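J.: Residue numbers (this note's numbering), protein chains in the order written: chain A, 391 to 701; chain B, 11 to 318. C-beta atoms are modelled at their ideal positions from N, C-alpha and C, and glycine is treated no differently. All figures in this text were calculated on a predicted structure; none of them were measured in a lab. Structure incoming, see below.
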Amino acid sequence: MSETALDRVARALNLIPFIANNPGLSVVEIAARFNSTPAQISKDLSLLHMCGLPGYSHLELLDIDYEDPNYVSVTEAQVLDQPRSLTQIEALTLVLGLQLLVELASDQSEAAAITALQNRLSGLFGEQLARKVTITDAIVDSPIARKLAQAIAQSQHLTIHYNSASSDSVSTREIFPLEIFYHDGIGYLNAFATSAGELRTFRLDRIDEILVGPADAGFLERVVRQVPNPGDNEIEIEMGRDGFFFIEKHNEIVTSFHEQGERFRIKLRVNSGEWITRTLVGWPSPIAVMHPADLAETIHERIAGALANYH
Amino acid sequence: MSDQKTERLINLTMALLATKRYLSKAEIFKQVAGYTGSNDTKERMFERDKDDLRALGITIQVGSYDPLFDDEPGYRILERDYELDIGELSATELSYLSLAATIWRNQLFSASGALALVKLDALSGTALREDFGHATLSLENETPLFPALWSALTETRNISFTYRSKITSTRHVSPFGLTLWHGTWYLVGKDLEKNELRVFRLSRMTSEITVESKTGAFTVPEDFNIEEHLIMLNPEPLTVFKARVRIGRCHSLRSKSTVTNIDAEWDRLEFTLGNNWREEILWFGSDIVLESPAENVAEIKSLLRSKL
């Protein structure tokens with residue numbers, strides 16, 4: 391995406407106070423923080439080098455030292471030594487982020503401290519911020535989520551009792567938790583399943599029990615990052631107008647779709663055959679599996695078997 | 011994109027910040043680097059530059075630069091408008107704010123969180139701190155309409171959009187509030203055709219947001235509370251079910267049921283489900299046989315037939 395002069399001005403005005411208060415970062419580090427490229431940051435710095443206050447002698451210009459790209463500093467920031475105030479969306483992001491953190495807080499006093507900070511911040515931006523945008527229910531309000539968040543923060547191995555829906559069985563798993571995420575109102579955990587040696591996704595509400603194991607800060611780099619992604623299967627289905635809701639619910643596995651009149655043709659990528667089988671059997675309207683043929687057959691048998699129960 | 015324009019805007023910002031009194035246009039043209047050409051050209055340049063700085067969220071104060079002759083306006087930027095001021099922050103509070111900024115994986119919020127974090131780090135000089143391990147939360151997919159809805163909301167403007175529900179139609183709405191519920195963004199607002207409060211899921215809006223009024227088009231009632239409306243408008247009917255399930259199967263259902271044994275092959279379960287009862291039952295295929303309520307059993311049977 392091409393950037394406008396305004397985007398550049400906004401970044402430049404943020405660059406000076408950031409570097410002035412954090413001297414000694416490299417151009418590469420700065421670029422990473424500003425979601426930009428080192429080449430762009432270098433250009434910004436040489437442009438800023440020409441800016442300053444009326445008079446524009448060496449006394450009034452910004453003084454930036456970027457000769458050594460590994461050590462950038464601002465020796466004279468003039469009036470730009472303090473960061474700009476937060477925009478409404480930035481403030482909102484922090485206020486909502488704090489609201490989520492309250493749910494993950496380890497104890498009452500931490501929750502109270504975060505809530506106080508949240509109130510202070512939304513107070514600065516007027517009452518309307520807090521009143522107009524909210525998080526309605528405690529989406530992470532579960533003791534399990536809280537325990538997992540702590541384990542992630544401390545790089546701890548865990549043993550969990552898990553009710554697997556796709557294999558419909560309860561088992562004990564050794565895992566290394568990586569990330570909690572929410573999709574369509576349901577909380578999930580991405581974790582490395584140590585015994586299987588694979589990345590797996592677990593539903594929070596199907597984890598019964600958690601036993602905390604040893605901390606291992608290097609595990610992520612040493613083991614998890616070395617595992618290749620599992621080969622995914624491509625699936626194509628066709629369904630009626632509620633295909634829109636199917637896409638909405640499962641957008642993380644939808645790779646493409648076509649809408650033709652009242653019909654949807656949807657392509658998916660999944661790595662668990664049992665999961666997709668149950669999901670398609672469970673969808674409350676007819677779905678035709680176009681590809682692969684063996685999945686179409688399995689689903690047909692499964693539905694026929696369920697129907698046979700009622701005769 | 012021109013370097014000259016970027017440079018001029020930065021110089022203008024700095025000059026207006028540095029001045030202790032209002033600067034007239036003539037002073038700005040004379041002192042600030044980058045204003046060249048005829049007077050008309052400079053005037054046009056300056057008008058655009060003011061708009062641009064305002065678009066960046068910078069407040070320019072307009073006042074009289076000469077108390078005796080107030081016919082010509084002067085301009086300046088006040089430090090208290092421009093600079094970030096959250097007051098004293100402890101190291102712990104700062105780390106909470108940093109976490110709050112980085113907890114998002116959604117595009118809009120992770121981008122604005124990254125910008126907020128850059129400002130926080132400029133405030134405290136802690137950009138080199140150790141990377142803290144923490145849980146990230148990714149909410150729904152993307153929310154490209156959020157900024158447009160947010161400005162309509164704060165500016166109290168009526169809007170319209172195409173909404174996909176049982177039927178797709180254009181809705182005209184006074185936006186009252188946005189809320190994140192079950193990891194999904196919803197807009198609560200007054201549907202101007204139905205003259206009633208309605209809840210809209212952002213992911214079901216299939217057009218851009220069209221602004222349909224000036225600011226101040228409505229007032230949100232004093233006692234309006236997003237949570238209450240959302241819960242009131244979305245009551246979830248719960249139904250008690252009875253079913254036979256195979257022994258050793260349907261684990262996630264068993265954990266919320268009362269279980270009685272029937273024989274060596276089957277148990278009987280009694281449980282409560284909400285709107286998604288069809289999916290929950292069908293998920294278990296032939297390991298479950300629904301027994302009551304009768305109308306739900308009939309529906310499952312016809313659903314299975316239609317899916318065959």
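State yes or no: is the beta carbon of A/D455 nearer than 8 Å to at least one beta carbon in chain B?
T.: It does not: the Cβ of A/D455 has no partner Cβ on chain B nearer than 8 Å.
J.: Can you tell me whether DSSP reads B/G284 as helix, strand or coil?
T.: The answer is coil: DSSP assigns B/G284 none of H, G, I, E or B.
J.: Helix, strand or coil for A/L476, going by three-state DSSP, please let me know.
T.: Coil at A/L476, not helix or strand.
J.: Could you check whether the Cβ of B/Y173 sits closer than 8 Å to any Cβ belonging to chain A?
T.: By this cut-off, B/Y173 is not an interface position.
J.: Find out if the Cβ-Cβ distance for the pair A/N623, A/N580 is shorter than 8 Å.
T.: Taking 8 Å as the Cβ cut-off, A/N623 and A/N580 do not qualify as a contacting pair.
J.: Short check: CB of B/H261 to CB of A/S556, under 8 Å?
T.: Contact flag unset, no.
J.: Can you find the residues in the same chain that come closer than 6 Å, C-beta to C-beta, to B/F142, ignoring five residues on each side of it along the sequence?
T.: Any reading at B/F142 must be qualified, since the residue scores a pLDDT of 45, below 50, and its modelled position is unreliable; no value is offered.
J.: A/E626 touches chain B at which residues, Cβ-Cβ below 9 Å?
T.: Within chain B, no residue comes near A/E626; the closest Cβ sits about 17 Å away, beyond 9 Å.
J.: Mind listing which residues of the stretch 477-490 of chain A have their C-beta closer than 9 Å to chain B's C-betas, in chain order?
T.: Answer set for the stretch 477-490 of chain A: T477, Q478, I479, E480, A481, L482, T483, L484, V485, L486, G487, L488, Q489, L490.
J.: In whole angstroms, give me the CA-to-CA distance for A/S561 and B/V255.
T.: Cα to Cα, A/S561 sits roughly 19 Å from B/V255.
J.: Among A/L435, A/P533, A/Y461, which one has its Cα closest to the Cα of B/I20?
T.: Nearest option by C-alpha distance: A/L435.
J.: Could you confirm whether any beta carbon from chain A is found closer than 8 Å to the beta carbon of B/T23?
T.: By this cut-off, B/T23 is an interface position.
J.: Of all the CB atoms in chain B, is at least one closer than 8 Å to the CB of A/H547?
T.: So no, A/H547 is outside the interface.
J.: Three-state secondary structure (DSSP) at A/F654?
T.: DSSP places A/F654 in strand when its eight states are reduced to three.
J.: Could you tell me whether the Cβ of B/P157 comes closer than 8 Å to any Cβ of chain A?
T.: Yes - at least one Cβ of chain A is within 8 Å of the one on B/P157.
J.: What does the alpha-carbon distance come out to for the pair B/S184 and B/F228?
T.: Going by the C-alpha atoms only, they are around 7 Å apart.
J.: Which residues in the same chain as A/I600 place their Cβ atom closer than 6 Å to its Cβ, once the five residues preceding and following it in sequence are excluded?
T.: Answer for A/I600: K537, L548, I550, listed in chain order.
J.: In angstroms, rounded to a whole number, what distance separates the CA positions of B/G123 and B/W293?
T.: Those two C-alpha atoms are separated by around 39 Å.
J.: Which whole runs of the beta strand (DSSP E) in the stretch 168-242 of chain B are 3 residues long or more, in chain order?
T.: Segments of the beta strand (DSSP E) lying fully in the stretch 168-242 of chain B: 169-174, 178-191, 194-201, 206-211.
J.: Under 8 Å: do the stretch 231-238 of chain B and the stretch 210-219 of chain B share three or more Cβ pairs, one atom per stretch?
T.: Segments in contact, no.
J.: List the residues of chain A that B/H261 touches, going by C-beta distances under 9 Å, in chain order.
T.: What B/H261 touches in chain A: N553, S554, A555, D558, S559, V560, R596.
J.: Kindly list the residues whose CB is nearer than 6 Å to the CB of B/G199, restricted to its own chain and excluding five residues on each side of it in sequence; keep chain order.
T.: Around B/G199: V183, S184, P185, F186.
J.: Please return the same chain residues whose Cβ sits closer than 6 Å to the Cβ of A/A678, not counting the five positions on each side in sequence.
T.: Hits under 6 Å: E628.
J.: Between B/V221 and chain A, is any beta-carbon pair separated by less than 8 Å?
T.: By this cut-off, B/V221 is not an interface position.
J.: At least one CB of chain B closer than 8 Å to the CB of A/H648: is that the case?
T.: So, not an interface residue.
J.: Since A/N745 meets chain B, which of its residues come closer than 8 Å, beta carbon to beta carbon?
T.: Only positions 391 to 701 of chain A appear in this structure, which leaves residue 745 of chain A out of reach.
J.: Taking buried to mean at least 16 other C-beta atoms within 10 Å of its own C-beta, is B/T225 buried or exposed?
T.: By the neighbour-count rule (16 or more Cβ atoms within 10 Å), B/T225 is not buried but exposed.
J.: Tell me, please, whether the CB atom of A/V679 is closer than 8 Å to any CB atom in chain B?
T.: No, A/V679 does not count as interfacial toward chain B.
J.: Can you grab the Cα-Cα spacing for the pair A/I643 / A/P674, in whole Å?
T.: Their backbone Cα atoms lie some 19 Å apart in a straight line.
J.: Once DSSP output is grouped into helix, strand and coil, what is the label at A/Y700?
T.: It is coil, neither helix nor strand.
J.: Step through the CB atoms of chain E and report whether any lies within less than 8 Å of the CB of B/S105.
T.: The structure shown has no chain E; the protein chains it does contain are A and B.
J.: For A/I455 and B/G67, I'd like the C-alpha separation in whole angstroms.
T.: The question names Ile, yet the displayed sequence has Asp at residue 455 of chain A. Cα to Cα, A/D455 sits roughly 29 Å from B/G67.
J.: What residue range is occupied by the uninterrupted alpha helix (DSSP H) comprising A/M371?
T.: Outside the shown range of chain A (391 to 701) lies residue 371 of chain A, about which nothing can therefore be said.
J.: DSSP three-state label for A/G513, please.
T.: In the structure shown, A/G513 sits in a helix (DSSP, three-state: H, G or I).
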